[in-house]
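Input: a single structure, listed below in structure tokens.
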Amino acid sequence: MQILGIETSCDETAVAIVGDQAPRIRANLVLSQLAEHQRFGGIVPEVAARAHLAHLDRLVARALAEAGVGWERLDGIAATGGPGLIGGVLVGVMEGKAIAFARDLPFIAVNHLEGHALSARLVADTAFPYLLLLVSGGHCQLLIVEGVGRYRRLGTTIDDAVGEAFDKGAKLLGLGYPGGPAIERAALAGDPARFALPRPMRARSGCDFSFSGLKTALWRTVVQLTGSRGELAPQDAADLAASLQAAIADCLIDRTGHAIAIFQSRYPAGSTLVAAGGVAANAMLRGRLGELASSAGLAFAAPPASLCTDNGAMIAWAGLERLNAGLVDGLDFAPRPRWPLDPTAPRALGAGVKA
Ligand code: KG4
Ligand code: ZN
430 MQILGIETSC DETAVAIVGD QAPRIRANLV LSQLAEHQRF GGIVPEVAAR AHLAHLDRLV
490 ARALAEAGVG WERLDGIAAT GGPGLIGGVL VGVMEGKAIA FARDLPFIAV NHLEGHALSA
550 RLVADTAFPY LLLLVSGGHC QLLIVEGVGR YRRLGTTIDD AVGEAFDKGA KLLGLGYPGG
610 PAIERAALAG DPARFALPRP MRARSGCDFS FSGLKTALWR TVVQLTGSRG ELAPQDAADL
670 AASLQAAIAD CLIDRTGHAI AIFQSRYPAG STLVAAGGVA ANAMLRGRLG ELASSAGLAF
730 AAPPASLCTD NGAMIAWAGL ERLNAGLVDG LDFAPRPRWP LDPTAPRALG AGVKA
């Protein structure tokens, strides 16, 4: 079985071909649009959609060439159907549908979050059910993954996503975009104990997250250090990066600890904590999650960093798992800007929840 996967929900144009026999990843191409957005200081949806359109055909052809397969060797076409920037999702879905129609192949619309959620199974065959910490630029959730298409959300953020906390923090510290890798790098030379930043939600029960207070506290500290103008000294920036990373990690560990207790009481046979999404590329966080899991008697699994950040392989893999489960979509599938993995989950406390 071989699936072509297309990912266009944000600022990466990505195409991959994944099979069910080793080596599973036959081709995995990610084209970053960083340069196209840099001059605007952030991602511009219209620019992203046009860039996906400009690059996608060429990337699909290159993926087929790299995998050394023709159309006739494919068993299905998977494309991210949401959630994400709708212009980009439309481009990927139209490309996927057009190929599926022209080649008479099944079309599978993949929830981007399901792509992240199943990525651990692409590399490690992690068995269901498992507890998932899904941490990315747009999301921060704790879910129990019962099976393909079967998710129980235990908690989500009531304001910012955790990747946003890294990205906005890095902007405040003058470290550039994307913020996660920049904060991680700067933190290596910093003292995580120098600034006492808050740990929002830590005293609260449940598994919801909050990061906006942390951002405000960081901003106040920067203003105190620099006055009304002037730049941060490199050591101050490094210490702040380390302090921010430590505070974020403490929040994630605290909430995940609560989720482990719920997971173990409801699913005694469950044996693994999985981390996925761009923020799961963070080495310090992976280390701490590994310790937390082992102290609770769980295994810890996270895909390699290149499969944590957005990629086509996870979309192709989720497509393969869905196809195996008989879950195929019609060519009338409508892209979804919002698409919660667990539509039955109660909204988190507070407003502005990203689901
Ligand atoms: O999963 P992803 O590539 O895209 C979304 O679906 O959102 O996640 C991107 C996010 C960005 O906020 C980026 O700053 C963060 O993941 N990120 C990291 C690291 N690498 C990427 N955060 C912390 N540490 C990293 N090493
Ligand atoms: Zn993502």
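Position one of the sequence shown corresponds to residue 430 (the numbering used here), numbered consecutively onward.
Think of the CB as a built atom: it goes at the ideal place given N, C-alpha and C, for glycine as much as any other residue.
Listed as beta-bridge partners of A538 by DSSP are A508.
By a beta-carbon distance limit of 8 angstroms, A745 does not contact A670. Their separation comes to about 35 angstroms.
If you draw a 10 Å sphere on the C-beta of Q674, you find 16 or more other C-beta atoms in it, and that means buried. Assignment of C569 by DSSP, reduced to helix, strand and coil, places it in the strand class.
Counting along the chain, no alpha helix (DSSP H) covers T585; the unbroken beta strand (DSSP E) around it starts and ends at 579 to 585.
Only buried fits R582, as 16 or more other CB atoms lie within 10 angstroms of its CB. Sequence-distant partners of L563 (beyond 5 residues in either direction) whose C-beta falls short of 7 angstroms from its own C-beta, in its chain, are L542, H545, A546, Q570, L572, A705, G706. With 16 or more neighbouring CB atoms inside 10 Å of its own CB, W768 falls in the buried class. Separation of the CB atoms of G584 and A688 is rounded to 7 angstroms, and the pair is thereby assigned contact status at 8 angstroms. Going by DSSP, V489 is part of the alpha helix (DSSP H) stretching over 474 to 496.
Linking F640 to G759 through their CA atoms gives a straight-line distance of about 39 angstroms.
Spatial neighbours of I506 in its own chain (CB-CB distance under 6 angstroms, excluding positions within 5 residues in sequence) are listed in chain order as L433, G525, I528, A529, L534, F536. Near the ligand KG4, residues with a Cβ at less than 6 angstroms from any of the ligand's heavy atoms are C439, S565, G566, G567, G592, F595, D596, P607, G608, G609, P610, E613, G706, G707, V708, A710, N711, T738, D739; the list follows chain order. Boundaries around F729 are those of the beta strand (DSSP E), 728 to 730, since no alpha helix (DSSP H) includes it. Assignment of D554 by DSSP, reduced to helix, strand and coil, places it in the coil class.
Counting every other CB atom within 10 Å of its CB across the protein chains shown gives M743 a total of 16 or more, marking it as buried. In this structure, DSSP gives V652 a helical state, which the three-state scheme calls helix.
In the DSSP assignment, R455 falls within the beta strand (DSSP E) that extends over 454 to 461. G448 sits in a strand when the DSSP states are folded into three classes. From the listed residues R455, D679, G755, G516, the smallest Cα separation to A622 is found for D679. Straight-line spacing of the CA atoms in Q450 and L551 works out to 11 angstroms.
Under the 10 Å beta carbon count, N753 is surrounded by fewer than 16 other beta carbons and is classified as exposed. Distance from the C-beta of H481 to the nearest heavy atom of the ligand ZN is not below 7 angstroms. At a Cβ-Cβ threshold of 8 angstroms, T437 and V489 do not count as neighbours. For G434, the enclosing beta strand (DSSP E) covers residues 431 to 436. For L563, there is no enclosing alpha helix (DSSP H); the residue is part of the beta strand (DSSP E) that begins and ends at 559 to 564.
Residues I435, L458, L488, V489, A492, G741 of the same chain have their beta carbon placed closer than 6 angstroms to that of V444, with the five preceding and five following residues left out of the count.
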